[in-house]
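Note sheet for the following structure.
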Amino acid sequence: MDTTTLDTPVLTHDDKRLICDITDSLKESRNPHAAHLDQAICESIARLNDLAKVMNAYPSLLQSQSLGQQRRDASSLIEALSNATLFTVDMLLPMRAAVGQVYVMARLNLFRLLHQVAQEALGGRKDFTTVEDAIGNRISQSIHNKVIESLLTAIVCDDSLGRAVRTKAATALTLLWEDRFSRRIEAFLPVLETTWEARRQTTVQLGTLMGVSEIFALMRAGGDIQFLDYFSRRTCPPEELQAFREFLFSVSTEELESINREMAEGHQTAAYPGVDTTLSLSPTYLYNHTATDFVTQLYLFFVKRHLEAHARRIRNLPGPKRTAEEYVMVYFLEQSCTMDGNPSGDQ
Numbered sequence: 068m069d070t071t072t073l074d075t076p077v078l079t080h081d082d083k084r085l086i087c088d089i090t091d092s093l094k095e096s097r098n099p100h101a102a103h104l105d106q107a108i109c110e111s112i113a114r115l116n117d118l119a120k121v122m123n124a125y126p127s128l129l130q131s132q133s134l135g136q137q138r139r140d141a142s143s144l145i146e147a148l149s150n151a152t153l154f155t156v157d158m159l160l161p162m163r164a165a166v167g168q169v170y171v172m173a174r175l176n177l178f179r180l181l182h183q184v185a186q187e188a189l190g191g192r193k194d195f196t197t198v199e200d201a202i203g204n205r206i207s208q209s210i211h212n213k214v215i216e217s218l219l220t221a222i223v224c225d226d227s228l229g230r231a232v233r234t235k236a237a238t239a240l241t242l243l244w245e246d247r248f249s250r251r252i253e254a255f256l257p258v259l260e261t262t263w264e265a266r267r268q269t270t271v272q273l274g275t276l277m278g279v280s281e282i283f284a285l286m287r288a289g290g291d292i293q294f295l296d297y298f299s300r301r302t303c304p305p306e307e308l309q310a311f312r313e314f315l316f317s318v319s320t321e322e323l324e325s326i327n328r329e330m331a332e333g334h335q336t337a338a339y340p341g342v343d344t345t346l347s348l349s350p351t352y353l354y355n356h357t358a359t360d361f362v363t364q365l366y367l368f369f370v371k372r373h374l375e376a377h378a379r380r381i382r383n384l385p386g387p388k389r390t391a392e393e394y395v396m397v398y399f400l401e402q403s404c405t406m407d408g409n410p411s412g413d414q
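With positions in the sequence shown counted from 1, the corresponding number in our numbering is that position plus 67.
Structural data, given as C-alpha cells:
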C-alpha cells in the first residue's frame, strides 16, 4: 500500500499503524489475491475520506446561517429537535448529520473489510488474535456511536420526558453531529461504552436468572460502577430492574418470565438447554434472523431490546418501556447541570 493513501485525518495514528501492519502481512503471505485486497483497502479509505470532505462541506451546526430573512443556529436546531417526534425527526436532520451517519457506517465497513483481510493474511499466526482484538475495538466503537445516537434520538422524541431532558439530549446530538472526528463517544456518556465493552466480554448462564454471577463478571471485566449502582439502588422501579435483566441475559422480559415459570414447575426448558453464551441474542431470535457475525449480533443486542421496549410503551404493555442504557442516559441527562460545549447556553 502506498503510504500516501493513509495521509488522511479520518484515521488516527493507531489506525494507520494497524492498517500498515495488516497490509505488510498481506504482502508477506504470498496470497494470490493480495494485490486485489490491498486495492480494496485503498479504495475504502479513499471513499471514507471523500465522505468526510462532503460532511465538512456542509455548514457548521454551531454557527448562525441566514437565507433571506430566515436565520437558524444551534439554538433553533435544538429547539426544533426538542419538539420532534419519531415521525418528524428525520425531516429535521441537517445534511451534516445525515452524511455523518453514512460516514459512521463507512468507517465500520472499512474495519469489517480489514478483519476479512487479516483472516486471509494472518489466519493461523500467533499475532492474529492481537490484530483481531484491535479491529474489534474499532468496530465496537462505531456501533457504540450508532447506539448512542439512537438513544439520544429516542430521548429527544419521547414526549413522556421533561422538556429539560429532551433539550439536553438535543444538545448532545448537535455536538455529536458537529464533529464526529475528535468528539469520542466518552464525551457524552462514558458509562455506557465501558459497560458495553465489559458486557461483550461477559459470559452469561441463565441458571437461577438472578444475574448475580453476571454482575460480578461485569465488574471484573471493567463495567462502570455507576451503571451497576444505578440498578442496585433500593428505590429502583421494577420496570428498570427488568430492563437491567434484559441487558444481562440478552433475553426479553416476556421470555425470561416464561423460563421462570418453566423452572418453577421443575421443567428444563427446551428452548434454552444449558445456555452459555457471550453477548448472544436469544436462540429463538437467532433461528429466525441472520445474525451470525459478531458485528450484527453486537448491534442487534441493543436494537432488539430497544424495539421491544418501544412497542411496550406504544401499546402500554407490562415490562420495561426503555432499555437499561436509555434509563441510565435519561438519569445522567437529568443530573447534569451543564454540558461541555453547550451551544444553547441555557442548561
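No residue lacks a Cβ here, since even glycine has one placed at the ideal position from N, Cα and C.
- A residue is called buried once 16 or more other Cβ atoms fall within 10 Å of its Cβ, and residue 94, having fewer, is exposed.
- A contact is defined here as three or more CB-CB pairs under 8 Å, and the stretch 98 to 115 meets this definition with respect to the stretch 186 to 205.
- Between residue 323 and residue 241, the C-beta gap is not smaller than 8 Å, which leaves the two residues out of contact.
- When the Cα atoms are used, residue 376 and residue 387 turn out to be separated by approximately 6 Å.
- From the listed residues 82, 146, 319, 294, the smallest Cα separation to residue 368 is found for 319.
- In this structure, residue 396 and residue 218 form a Cβ contact; the two beta carbons are roughly 5 Å apart against a cut-off of 8 Å.
- A residue is called buried when at least 16 other Cβ atoms come within 10 angstroms of its Cβ; residue 371 meets this threshold and is buried.
- Going by DSSP, residue 138 is part of the beta strand (DSSP E) stretching over 137 to 139.
- Apart from the 5 residues on each side of it in sequence, residue 258 sits with its Cβ closer than 8 Å to the Cβ of 291, 293, 294, 395, 399 in its chain, given in chain order.
- DSSP, read as helix, strand or coil, puts residue 78 in coil.
- Where residue 402 is concerned, the enclosing alpha helix (DSSP H) starts and stops at 391 to 402.
- According to DSSP, residue pairing for residue 133 in a beta bridge involves 138.
- By the criterion of at least three beta-carbon pairs nearer than 8 Å, the stretch 122 to 136 is not in contact with the stretch 75 to 89.
- Setting aside the 5 residues that flank it on each side, residue 118 is surrounded in the same chain by 166, 169, 170, 173, each with a C-beta closer than 7 Å to its C-beta; the list follows chain order.
- Residue 98 sits in coil when the DSSP states are folded into three classes, being neither helix nor strand.
- Between residue 282 and residue 177, the C-beta gap is not smaller than 8 Å, which leaves the two residues out of contact.
- Taking a C-beta distance under 8 Å as the contact criterion, residue 151 and residue 214 do not qualify as a contact pair.
- For residue 162, the enclosing alpha helix (DSSP H) begins and ends at 162 to 189.
- Collapsing the DSSP output to three states places residue 231 in a helix.
- Per the Cβ contact rule, the stretch 134 to 150 is in contact with the stretch 225 to 245 (3 or more Cβ pairs under 8 Å).
- Taking all protein chains in view, the Cβ of residue 373 is crowded by 16 or more other Cβ atoms within 10 Å, so the residue is classified as buried.
- The residues 388, in chain order, have a CB closer than 6 Å to that of residue 380 in the same chain once the five nearest residues on each side in sequence are set aside.
- Residue 248 and residue 180 have their C-alpha atoms roughly 20 Å apart.
- Residue 303 sits in coil when the DSSP states are folded into three classes, being neither helix nor strand.
- The beta-carbon separation of residue 284 and residue 262, rounded to 12 Å, does not stay under the 8 Å limit for a contact.
- Nearest in C-alpha terms to residue 204, of all of 308, 182, 216, 193, is 182.
- With respect to residue 298, residue 316 sits apart: the two C-beta atoms are not nearer than 8 Å.
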